[in-house]
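See below for the structure under consideration.
Residue numbers (the working numbering): 117 to 370.
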């Protein structure tokens, strides 16, 4: 080997060592390192997760606690809620609700003032005790002295719905049974409200109706003004299996 070739090999080895010391991979002009930042600009931040949309729950019947709600049939989509202020009150408030798939229960009529039994409410009703029974009862039949105002419930027009005399405060009772809706307490559904069959026995009372108000407490019924009775009769739909939910506020809230 000549002196010139040996010198060339030494110089080449020195240059390669220098390149390896710098990482051997040379950055092309104009290219930027993945970790390089543009002056005055911050690194991109990860996108914030979008908040989940609020969940909506169907609205339950207002004023009713879990125990009373559990007594409403799953198939019922109409409920007339009759609420007394106290267990001894004979004045009440009524609201008609309907159930909608997405919204739940929504008021569609009322509130309407009403009367109930002279001595208030009871969950152990007996004949002649002047209390209105507490509970959830179906509304399946109607009738009255006057012609059918257009209800979809079975309606029995009969002169036997006539009534006379005076109420507990001396108010006239005439016209109270011009329109009635039978409350399915101790009766046979699918019959006229005049039917006197008492499946639980005579001692448990019966003939509990919603009827036209006579401006005073009743024996056991719930009474509404004639205007509101017509509105209720026209609103009730047997396909929605209507019920009445009635009692004092404290009991309904259980």
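From the three backbone atoms N, C-alpha and C, an ideal C-beta is built for every residue, glycine too.
Treat the numbers as computed from the prediction; the structure is a model and nothing was measured.
- Burial of residue 256 is indicated by the presence of at least 16 other C-beta atoms within 10 angstroms of its C-beta.
- In chain order, 175, 177, 213 and 215 place their CB closer than 6 angstroms to the CB of residue 221, counting only its own chain and leaving out the 5 sequence neighbours on each side.
- Residue environment: residue 223 is assigned as exposed (fewer than 16 neighbouring CB atoms within 10 Å of its CB, all protein chains considered).
- Annotation: the segment 249-298 contains the following complete segments of the beta strand (DSSP E) (minimum length 3 residues), in chain order: 251-260 and 271-273.
- The secondary-structure analysis by DSSP pairs residue 209 across a beta bridge with 199 and 229.
- Residue 214 sits in a strand when the DSSP states are folded into three classes.
- When rounded, the separation of the alpha-carbon atoms in residue 204 and residue 233 is 9 angstroms.
- With a beta-carbon spacing of about 12 angstroms, residue 289 and residue 231 fall beyond the 8 angstroms limit used to define contacts.
- The segment 234-246 makes no contact with the segment 264-277; the number of CB pairs closer than 8 angstroms stays below 3.
- Distance between residue 191 and residue 364, taken at the CA atoms: about 24 angstroms.
- Rounded to whole angstroms, the gap between the alpha carbons of residue 339 and residue 210 is 10 angstroms.
- Residue 370 and residue 226 do not touch by the CB rule: their CB atoms are close to 22 angstroms apart, not below 8 angstroms.
- With respect to residue 188, residue 367 sits apart: the two C-beta atoms are not nearer than 7 angstroms.
- The beta carbons of residue 310 and residue 272 sit about 7 angstroms from each other, so the pair counts as a contact at 8 angstroms.
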